[in-house]
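Read through the structure below, which is laid out as structure tokens, and then see the notes.
Numbering (the working numbering), first residue to last: 36 to 294.
This is the structure we're talking about:
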């Protein structure tokens, strides 16, 4: 009896997984579109040949993934596809795996390195003026010995704004938020060199102003070198760093995280 009881949760999980796959296939086979209703729980169970409990749990799981929604008195319906639930889970996963900060940084580095070449070919005069103004503010703050985290983030957001790629902007936003939180768990990291960071952003912008895609990519990739080195040093000095605070820093503020 003990052996049977131990297997039951795993078997139930497999049934729910199978029910999720069956429901998704049902949606495809019946060409259901966002907003279309699915059959009731009982009708789905009968149509798919799956128990009602498994169907009920599968619908809940698909709701959590953002694939389905429910209307009171009507039942489940197909939701428009969105990456948001996936990205939220990605953020949570990185926060739980504190040692992933360098992996996260490298993914962001390669992603931005690829897309900044596209920006070099498509940037508008207005976009370049905004970027120039932002870099000038970075320079002024660096000269005064001040950080410029918000200007840094705005610079990277503005780079890709005209590409029309909402997923890219959302993904980079998630990377930034998670990075700030993970960075807060490495209190031994050396402060950023503001002047060097400003110069790195200036080189990216100058390449964009010249329409130099390869130059912009090279400048973007190089701009991540200093922070990567500082993170490696901090991890080696404090391999058991405490888990990151939710607010980004010891006092809840995101500080000293410019790229």
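For glycine and all other residues, C-beta sits at the position ideal for the given N, C-alpha and C.
Everything numeric in this text was worked out from a predicted model, so none of it was measured.
Cβ-based neighbour list, residue i, same chain, cut-off 6 angstroms, excluding 5 preceding and 5 following
i           : result
residue 48  : none
residue 325 : The requested residue 325 does not occur in the structure, where the chain is confined to residues 36 to 294.
residue 83  : 57
residue 147 : 255
residue 40  : Only weak support exists for where residue 40 lies, its pLDDT of 44 falling under 50; the coordinates are left without a value.
residue 100 : 120
residue 54  : 85, 89, 90, 93
residue 246 : 155
Strand pairing of residue i, partner residues [DSSP]
i           : result
residue 103 : 113
residue 72  : 112
Integer-rounded CB distance, given that residue j should sit under 8 angstroms from residue i
i           : j           : result
residue 116 : residue 104 : That pair is no contact at about 12 angstroms.
residue 143 : residue 210 : 5 angstroms
residue 69  : residue 114 : 6 angstroms
C-beta contact flag for residue i and residue j at 8 angstroms
i           : j           : result
residue 152 : residue 169 : no
residue 197 : residue 162 : yes
residue 263 : residue 63  : no
residue 193 : residue 165 : yes
residue 76  : residue 87  : yes
residue 183 : residue 110 : no
residue 269 : residue 223 : yes
residue 205 : residue 195 : no
Proximal residues to residue i (C-beta, below 7 angstroms), its chain only, five neighbours per side dropped
i          : result
residue 51 : 89, 92, 93, 96
Same chain, Cβ closer than 8 angstroms to residue i, neighbours up to 5 away in sequence not counted
i           : result
residue 37  : The predicted position of residue 37 is uncertain, since its pLDDT is 43 and thus under 50; no value can be drawn from it.
residue 249 : 152
residue 189 : 169
residue 267 : 137
residue 297 : Residue 297 is absent from the model: the chain starts at 36 and stops at 294.
residue 191 : 147, 207, 211, 294
Quiz item: Per the contact definition of three or more C-beta pairs closer than 8 angstroms, is the segment 153-163 in contact with the segment 256-265?
Solution: no
Self-check item: Three-pair Cβ contact test at 8 angstroms for the segment 167-181 versus the segment 230-237
Solution: yes
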